[in-house]
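Quick notes on the structure that follows.
In the numbering used here, the protein residues as written are 3 to 187.
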């Protein structure tokens with residue numbers, strides 16, 4: 003937990019990275035349709051549900067509109083007694099025509115404050131939309147606990163901001179598929 007000083011005006015946010023994706027070609031799937039969870043990914047989310055069950059009850063469950071996040075949220079919803087709400091602002095990083103290509107083709111670093119390439123979403127843009135969403139959640143669910151199923155880069159960009167760590171830490175930040183991070187806002 004980043005800030006243990008919870009009160010009636012704060013919200014405890016549980017950020018869940020979607021489960022492992024079935025991606026036999028090893029391409030960058032970005033916003034492409036047709037990339038659902040693998041069997042392993044479903045197991046990861048079942049494990050996340052067990053962890054989350056010890057922290058409830060929850061006020062809400064939000065999820066990115068992408069298939070892998072929607073499937074993950076669906077697997078969390080039933081055991082936790084929640085209905086997923088789709089939220090556009092916690093969607094994966096925009097990567098334009100790099101979708102469907104190999105990871106090796108991305109510029110390094112591929113996320114920079116201003117944007118590493120005209121088709122790549124900047125850290126500033128990712129952070130702005132994610133924090134705007136988090137502010138709305140804090141207002142709607144003050145004093146509550148909320149789950150959000152999102153993606154590696156948006157979760158890490160937000161966590162780096164909230165912890166005051168620079169963007170250079172992004173490539174090495176440990177956030178496995180199915181991981182759960184607890185943040186008090």
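Ideal Cβ placement from N, Cα and C applies to all residues, glycine included.
* If you run the structure through DSSP and keep just helix, strand and coil, what is residue 71? -> Note: residue 71 maps to helix in three-state DSSP.
* To do: Spatial neighbours of residue 85 within its chain, please: CB distance less than 8 Å, with the 5 preceding and 5 following residues excluded, ordered by chain position.
  => 63, 79
* **Nearest-angstrom Cα separation, counted from residue 180 out to residue 187** => 22 Å
* Backbone secondary structure at residue 176 - three-state DSSP -> coil
* Asked: So does the segment 13-27 actually touch the segment 38-54, counting three or more Cβ pairs closer than 8 Å?
  -> yes
* Taking just the CA atoms, how far does residue 120 sit from residue 156? -> 18 Å
* Asked: Secondary structure at residue 118, three-state DSSP: helix, strand or coil?
  -> coil
* To do: Please confirm if the segment 128-140 is in contact with the segment 44-57, defined as three or more CB-CB distances below 8 Å between the two stretches.
  => no
* To do: Put residue 99 into one of helix, strand or coil per three-state DSSP.
  => helix
* Going by beta carbon distance, what residues of the same chain come within less than 6 Å of residue 7, once the five residues before and after it are set aside? -> In this predicted model, residue 7 has a pLDDT of only 46, less than 50, meaning its place in the structure is not dependable; the value taken from the coordinates is given anyway. So no residue of the chain qualifies.
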